[in-house]
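Student:
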Amino acid sequence: MRSFLAMNAIVLGLALAPAALRAEDTAQQLRIGNDLFAAGGDVAIEAEGLDDIFAVGGEVVLAAPVAGTSHMAGRELSVTAPLGGDLYAAGMYVTLEADVAGDVTAAGYRLSFPGAIGGDLRASGARVTLRGPVAGYALLAGRTLRLEGPVEGDVSLAGRTIEFGEAARVGGTLRLYADDPEAIEVPERVAPTSRIERHEADAFEGVDSVPVPRPVSPAARVRGFFTGVAFLAVLAALLAAIAPDWLADLRRTALARPGRSLWIGFLGEASLFGAVVVLGLTLIGLLAAPVLILLAVLFGFLGYIVGIYVLGVGTTGLLNRPHPETFGERAVAALVGAFAAALIALVPMLGWILLLCIALVGCGAILERAFRPRLLGRAD
């Protein structure tokens, strides 16, 4: 569930990003070894011999085989070549036409999966359609869900409308989460009654994850670590592609006076959460409290992404590298910052405090650039 919430937050941002991305019609691609970083208005990936890819854009087409993990974010995403690893996709429209050997994690508005999936499927969207076979389990959440292909493992469906096609089959347990689960008709060919569990929609909120029969191995933990690094790096690179000049200003502000940015970020977040308490005293203001809490959380998350980028630029600066000017250099800085933040998170006791400081520095830089002429005076 936590991954679904995070992915849906990204989709909200992607809904606002296409106009900015279309302004940069020429896609930029940077290849480091067998890994490819790409961003632009329209991105077409056709290079051969790729291991991992990180792509953001208005329309992203993955038309080349990828041996490792694929990370995609944008308005329209489509995969037309087979993937040998896992796929992570966040966009308004996501279409998987080719086969994926590993797991698929996707979120968006309209999702379609005609291709075969060799691992597990986790998808969240307004309309989700599964047509191809899935070798593992499937976890689908959305408004309208349609299962048209066979799934060898368990299937969990949470939505308003749940439909089954002629080829739909469930090899494991079928779990249904809806406002009226008893009203959902499940053909006998899909799964026998003995393997169907029906739950109220509220029960789905308490499900942290679908049970996985495999224990978590050290290798899986390592993959999870690098997946988290890649996830944060893609977000920072996406921000750099959408607003490079704005992000460069924030980077200069934070690196010039990190202590002041930290203090201003603390004041900004404290003001938002403090406003919740003050409005709560008026009783009527309680109606605005959820909005302020959401704004505080989203602002903190944006500050964290900015802070990661600043950390990456600062780290590369220690290696006597110049400040990034091209998208490729910004993507490298984002990757370095995400990796450094992941290492910091491993520090016992102090790790989470240091990550909080990174987020507050990013928040402070945003506030400084927005209000400095009125609150702090002109910069030297």
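Counting in our numbering, the sequence shown runs from 1 upward without gaps. Yeah, the Cβ is synthetic: ideal placement off N, Cα and C, and Gly gets one too. Values in this document were obtained by computation on a predicted structure and should not be read as measured data.
Could you tell me whether the segment 255 to 263 touches the segment 90 to 100, where touching means 3 or more Cβ pairs closer than 8 Å?
Tutor: No, the segment 255 to 263 is not in contact with the segment 90 to 100.
Student: Ignore the nearest five residues each way along the sequence and tell me which others in D51's own chain have a CB closer than 8 Å to its CB.
Tutor: Numbered from 1 along the sequence shown, position 51 holds the residue referred to as residue 51. Excluding residues within five positions, the ones whose Cβ falls inside 8 Å are G33, N34, D35, V66, A67 and G68.
Student: For G268, which residues in the same chain have their Cβ closer than 6 Å to its Cβ, ignoring the five residues on either side in sequence?
Tutor: Along the sequence shown, one-based indexing puts residue 268 at 268. Within the same chain, G268 has close Cβ partners C363 and L367.
Student: Between which two residues does the beta strand (DSSP E) containing R146 stretch?
Tutor: Taking the first residue of the sequence shown as position 1, residue 146 is located at position 146. First-last of the beta strand (DSSP E) with R146: A138 to L147.
Student: As a quick exercise: from A44, Q29 and G57, pick the residue whose alpha carbon is nearest that of A243.
Tutor: Residue numbering aside, residue 243 sits at position 243 when the sequence shown is read from its first letter. For A243, the nearest C-alpha among the options comes from G57.
Student: Counting along the chain, where does the alpha helix (DSSP H) carrying T316 start and finish?
Tutor: Your numbering for residue 316 matches position 316 in the sequence shown. First-last of the alpha helix (DSSP H) with T316: A289 to L318.
Student: Taking W263 as the reference, give the member of G149, C357 and A123 with the closest Cα.
Tutor: To locate residue 263, count along the sequence shown from 1; it is residue 263. Considering only alpha carbons, the answer is C357.
Student: Give me the Cα-Cα distance between G85 and F371, rounded to the nearest whole angstrom.
Tutor: For the purposes of this step, residue 85 is identified with residue 85 of the sequence shown, where counting begins at 1. For the purposes of this step, residue 371 is identified with residue 371 of the sequence shown, where counting begins at 1. Cα-Cα distance, rounded: 45 Å.
Student: Using a Cβ-Cβ cutoff of less than 6 Å, which residues in the same chain neighbour L360 once the five nearest sequence positions on both sides are dropped?
Tutor: By one-based count along the sequence shown, residue 360 stands at place 360. L262, G265 and F266.
Student: Report the rounded CA-to-CA distance for R2 versus A73, giving the unit in angstroms.
Tutor: By 1-based counting over the sequence shown, the position of residue 2 is 2. By 1-based counting over the sequence shown, the position of residue 73 is 73. Confidence in R2 is poor, its pLDDT being 39 and thus under 50, which makes the residue's placement unreliable; the coordinate value appears in the next sentence. So the alpha carbons of these two residues sit roughly 18 Å apart.
Student: Taking the alpha carbon of V306 as the point to measure from, which residue in A270, R252 and T173 has its own alpha carbon closest?
Tutor: Looking up residue 306 in the sequence shown gives position 306. Considering only alpha carbons, the answer is R252.
Student: E152 and V134 look like a contact to me (Cβ under 8 Å); what is the Cβ gap, rounded to whole Å?
Tutor: Here residue 152 corresponds to residue number 152 of the sequence shown, with the count starting at 1. Here residue 134 corresponds to residue number 134 of the sequence shown, with the count starting at 1. With a Cβ gap of about 7 Å, E152 and V134 count as contacting.
Student: If I measure Cβ to Cβ from S70 and keep anything under 6 Å in the same chain, skipping five residues before and after, which residues do I get?
Tutor: Here the question's residue 70 lines up with position 70 in the sequence shown. So the qualifying residues of the chain are I53, L83 and L87.
Student: If you measure from the beta carbon of L262 to each beta carbon in chain B, is any gap under 8 Å?
Tutor: Of the chains in the structure shown, none is chain B; there is only one protein chain.
Student: For a test of the three-state rule: what should DSSP assign to R221, helix, strand or coil?
Tutor: Here residue 221 is taken as the residue at index 221 of the sequence shown, counted from 1. R221 falls in the helix class under three-state DSSP.
Student: My output table needs one value for A168: the three-state DSSP class, helix, strand or coil.
Tutor: Taking the first residue of the sequence shown as 1, we reach residue 168 at position 168. Of the three classes helix, strand and coil, the one that applies to A168 here is coil, per DSSP.
Student: To which residues does DSSP link D61 through a beta bridge?
Tutor: The sequence position of residue 61 within the sequence shown is 61, counting from 1. In the sequence as displayed, the identity of residue 61 is Val instead of Asp. Answer is A44 and S78.
Student: What first and last residue would you give for the alpha helix (DSSP H) that runs through T253?
Tutor: Translated into the one-based positions of the sequence shown, residue 253 becomes position 253. Here the alpha helix (DSSP H) through T253 covers P244 to A256.
Student: When you compare each of E197, I293 and T326 to A178 by their alpha carbons, which one comes out closest?
Tutor: The residue labelled residue 178 in the question sits at position 178 within the sequence shown. Among E197, I293 and T326, the Cα nearest to that of A178 belongs to E197.
Student: One question on the structure: do G142 and G159 come within less than 8 Å of each other, judged by their Cβ atoms?
Tutor: Here residue 142 is taken as the residue at index 142 of the sequence shown, counted from 1. Here residue 159 is taken as the residue at index 159 of the sequence shown, counted from 1. Yes, they are a contact pair.
Student: What number of angstroms, rounded off, separates the C-alpha of A288 from the C-alpha of R131?
Tutor: To locate residue 288, count along the sequence shown from 1; it is residue 288. To locate residue 131, count along the sequence shown from 1; it is residue 131. C-alpha separation (whole angstroms): 42 Å.
Student: Name the DSSP bridge partner or partners of T227?
Tutor: Mapped onto the sequence shown, residue 227 falls at position 227. For T227, which the question treats as bridged, DSSP gives no partner whatsoever.
Student: By the DSSP assignment, the beta strand (DSSP E) with I196 in it spans what residues?
Tutor: Taking the first residue of the sequence shown as 1, we reach residue 196 at position 196. First-last of the beta strand (DSSP E) with I196: I196 to E200.
Student: Please state if the CB of R122 and the CB of L111 are separated by a distance shorter than 8 Å.
Tutor: Against the sequence shown, residue 111 aligns to sequence position 111. Against the sequence shown, residue 122 aligns to sequence position 122. The answer is no: Cβ separation not under 8 Å.
Student: Measuring alpha carbon to alpha carbon, tell me which residue in V100, A219 and R189 is nearest A116.
Tutor: The residue given as residue 116 occupies position 116 in the sequence shown. The candidate whose alpha carbon is nearest that of A116 is V100.
Student: What runs of the beta strand (DSSP E), each 3 residues or longer, lie entirely inside the segment 80 to 138?
Tutor: As far as the segment 80 to 138 is concerned, its whole beta strand (DSSP E) runs of at least 3 residues are 87 to 96, 104 to 113 and 121 to 130.
Student: Who are the near neighbours of R236 in its chain, counting only those whose CB is closer than 6 Å to its CB and skipping five residues on each side?
Tutor: Numbered from its first residue, the sequence shown carries residue 236 at position 236. Checking the sequence shown, residue 236 turns out to be Ala, not Arg. If we look at A236 and ignore the five residues flanking it on each side, its Cβ neighbours are I305, I308, Y309 and A334.
Student: Within 10 Å of its beta-carbon, does L238 have 16 or more other beta-carbons around it, so buried, or fewer, so exposed?
Tutor: Residue numbering aside, residue 238 sits at position 238 when the sequence shown is read from its first letter. Label assigned to L238: buried.
Student: Whole angstroms are fine: how far does the CA of V234 sit from the CA of T227?
Tutor: One-based indexing of the sequence shown puts residue 227 at position 227. One-based indexing of the sequence shown puts residue 234 at position 234. Rounded to whole angstroms, T227 to V234 spans 10 Å at the Cα level.
Student: For T80 and V60, which I take to be in contact (beta-carbon distance under 8 Å), what is that distance rounded to the nearest angstrom?
Tutor: Counted from its first residue, the sequence shown places residue 80 at position 80. Counted from its first residue, the sequence shown places residue 60 at position 60. About 11 Å separates the two Cβ atoms, so there is no contact after all.
Student: To test your reading of the DSSP string, which unbroken alpha helix (DSSP H) runs of 4 or more residues are found completely within the segment 327 to 352?
Tutor: Complete alpha helix (DSSP H) runs here, min 4: 327 to 345.
Student: Could you check which residue in P290, R189, A240 and L174 has the C-alpha nearest to that of D154?
Tutor: On the sequence shown, position 154 is the one that residue 154 refers to. When only C-alpha atoms are compared, the closest one is L174.
Student: How many angstroms separate the CA atom of V291 from the CA atom of G300?
Tutor: The residue labelled residue 291 in the question sits at position 291 within the sequence shown. The residue labelled residue 300 in the question sits at position 300 within the sequence shown. Approximately 14 Å, taken between the alpha carbons.
Student: So, A63 versus L77, is the Cβ gap smaller than 8 Å?
Tutor: Residue 63 sits at position 63 when you count from the first residue of the sequence shown. Residue 77 sits at position 77 when you count from the first residue of the sequence shown. Cβ atoms of A63 and L77: not closer than 8 Å.
Student: Let me confirm a value: M349 is counted as buried when at least 16 other C-beta atoms fall within 10 Å, else exposed. Which label applies?
Tutor: If you number the sequence shown from 1, residue 349 lands on position 349. Per the 10 Å Cβ criterion, exposed.
Student: Do you know whose CA, among G41, G40 and R31, lies nearest A47's CA?
Tutor: Along the sequence shown, one-based indexing puts residue 47 at 47. Of the candidates G41, G40 and R31, the one whose C-alpha sits nearest the C-alpha of A47 is R31.
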